[in-house]
Amino acid sequence: MDILAQVLDRVRLGGTLLFHFELGHPWNLALPARPYALFHYLSRGSATLVLEQGRELHMVEGDLVVVTRGEPHLIYSDHRAKPLAILDLDRPSGRLGVVRHGGNAQPLSAMICGNFTVERPSRGSVLKLLPPLLLLKSTDGGGGLETILERMVSESAFARPGQDVALSRLTEILFVEVLRSWIKSLDSGEGGWLGAMADPQIGPALQLIHERPDRPWTLGELGNRVGLGRSAFSARFTKLVGESMYRYLIARRMAEAAFLLETSNDGIARIANRVGYETAAAFSKLFLRHHGLSPGRYRAVRRPESVRRQVDLTETDVAV
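This is the structure we're talking about:
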């Protein structure tokens with residue numbers, strides 16, 4: 020099983036390109052706080068990005084920066100230029116196309132900006148594992164990043180049929196490449212479960228948990244499966260993943276349960292059994308604690324109306 024592919028598919032990874040800039044020196048853009056990750060790719064020129072709390076990052080041609088928490092920030096060629104709120108920029112007809120801004124002096128810069136979204140945020144979200152500010156060189160992805168980014172630059176330069184869909188798909192692929200590049204750069208003990216996937220013992224253990232979250236896994240059984248004693252496995256798992264095996268297993272079960280509530284017609288009791296709980300009551304109590312909603316209410320709120328099954332919450336929701 021490809022754990023990363025499964026997780027990304029189930030959280031409804033998305034994203035889109037927001038701007039394609041051509042910028043004349045001096046320029047200064049102000050971006051407000053947003054409820055998603057923002058990325059900036061500088062295809063020409065240089066720039067400085069500054070987060071609101073003061074962290075500063077210098078960008079050169081070919082750099083990709085991801086502001087993973089959507090924090091407010093400035094990005095400029097000269098800090099003395101008056102910041103212009105990015106939402107106040109004049110746009111060409113339609114949402115996409117090149118936006119020209121700044122002065123008339125050299126050097127000229129070119130930059131595309133967009134966002135990454137996760138529609139099913141959960142405990143241990145992929146985005147939360149990333150550092151607040153992530154810098155990647157286009158060569159860090161072994162050519163994958165550079166190829167995708169160059170295609171996004173060319174695709175966004177001129178309006179054409181199907182442009183929105185093409186850029187949305189490219190943005191999703193870009194996020195996968197960002198994760199691959201970041202994971203490759205991690206040292207042992209970094210990156211939570213994303214980094215732990217590469218460990219020769221903990222990686223296979225994570226795969227077993229993801230393949231069968233319903234099994235009553237114990238430290239001894241998983242440790243034996245990957246060639247470690249119970250204590251050694253427990254310590255290594257906690258060190259690399261950042262939480263105990265039992266806490267990770269519960270989070271995995273709750274994520275699987277949420278997915279089933281949104282995508283299947285199974286009753287609460289059936290879903291409880293599929294994720295490892297003998298009674299709906301025990302499962303519902305834990306689900307409420309984890310997600311803040313009982314299973315029935317979660318389904319009613321999160322399931323798309325077009326496929327929502329009529330459920331009598333008073334009968335099926337055992338832990339309101």
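In this note's numbering, each number is its position in the sequence shown, counted from 1, plus 19. Glycine included, every Cβ here is placed at the ideal spot set by N, Cα and C.
Exercise. So what's residue 21 in DSSP terms, helix, strand or just coil?
Worked result: coil
For this session: In angstroms with no decimal places, state the Cα-to-Cα distance between residue 294 and residue 241.
Result: 18 Å
Exercise. What are the partner residues of residue 56, as DSSP defines its beta bridges?
Worked result: 135
Exercise. What does a CB cutoff of less than 7 Å around residue 32 pick up in its chain, not counting 5 residues either side in sequence?
Worked result: 137, 191 and 194
Exercise. Taking the continuous alpha helix (DSSP H) assigned at residue 163, which residues delimit it?
Worked result: 163–176
For this session: With DSSP collapsed to three states, give me the class of residue 30.
Result: coil
Problem set entry | Proximity to residue 36 [Cα-Cα], best of 90, 133, 88 and 117 | 133
Problem set entry | Where residue 326 sits in the DSSP three-state scheme | Because residue 326 sits at a pLDDT of 49, beneath the cut-off of 50, its placement in the model cannot be relied upon, and the following sentence gives the value as read from the coordinates. Of the three classes helix, strand and coil, the one that applies to residue 326 here is helix, per DSSP.
Exercise. Does the distance from the CB of residue 102 to the CB of residue 49 come in under 8 Å?
Worked result: yes
Exercise. Are the beta-carbon atoms belonging to residue 94 and residue 66 less than 8 Å from one another?
Worked result: yes
Exercise. Counting along the chain, where does the beta strand (DSSP E) carrying residue 77 start and finish?
Worked result: 75–79
Exercise. Which residues bound the alpha helix (DSSP H) around residue 66?
Worked result: Taken as a continuous stretch (DSSP letters only), residue 66 belongs to no alpha helix (DSSP H), being part of the beta strand (DSSP E) at 65–70.
Problem set entry | With 16 other Cβ atoms within 10 Å as the buried cut-off, status of residue 334 | Residue confidence is low: residue 334 scores 36 on pLDDT, short of 50, so the model does not pin down where it sits. No coordinate-derived value is stated.
Problem set entry | Backbone secondary structure at residue 62 - three-state DSSP | strand
For this session: Return the first residue and the last residue of the alpha helix (DSSP H) that residue 214 is part of.
Result: 211–215
Exercise. So, are the CB atoms of residue 153 and residue 84 less than 8 Å apart?
Worked result: yes
Exercise. Is residue 293 helix, strand or coil by DSSP?
Worked result: helix
Problem set entry | C-alpha gap between residue 45 and residue 123, whole angstroms | 8 Å
Exercise. Which word fits residue 26, buried or exposed, when buried means at least 16 other C-beta atoms lie within 10 angstroms of its C-beta?
Worked result: buried
Problem set entry | Beta-ladder partner(s) of residue 9, from DSSP | This structure cannot settle anything about residue 9, because the visible part of the chain is limited to 20 through 339.
Exercise. What residues are listed by DSSP as bridge partners for residue 47?
Worked result: 95
Exercise. Who does residue 39 pair with in a DSSP beta bridge?
Worked result: 117 and 131
Problem set entry | Span separating the alpha-carbon of residue 24 from that of residue 99 | 44 Å
Exercise. Looking only at its own chain, which residues have a Cβ that is under 6 Å from the Cβ of residue 142, when we skip the five neighbours before and after it?
Worked result: Low local confidence applies: a pLDDT of 44 at residue 142 is under 50, so the model's placement there is unreliable, with the coordinate-based value given in what follows. Hits under 6 Å: 270.
For this session: Compute the distance between the beta-carbons of residue 146 and residue 56, then report whether it is under 8 Å.
Result: yes
Exercise. What is the rounded straight-line gap between the Cα of residue 265 and the Cα of residue 39?
Worked result: 46 Å
Exercise. Pairing CB atoms from the segment 285–293 with CB atoms from the segment 253–261, are three or more of them under 8 Å?
Worked result: no
Problem set entry | Per-residue DSSP class, three states only, for residue 182 | helix
Problem set entry | Three-way DSSP call (helix, strand, coil) for residue 260 in this model | helix
Problem set entry | Cβ neighbour criterion (16 or more within 10 Å) applied to residue 75 | exposed
Exercise. What is the DSSP secondary structure of residue 125, counted as helix, strand or coil?
Worked result: strand
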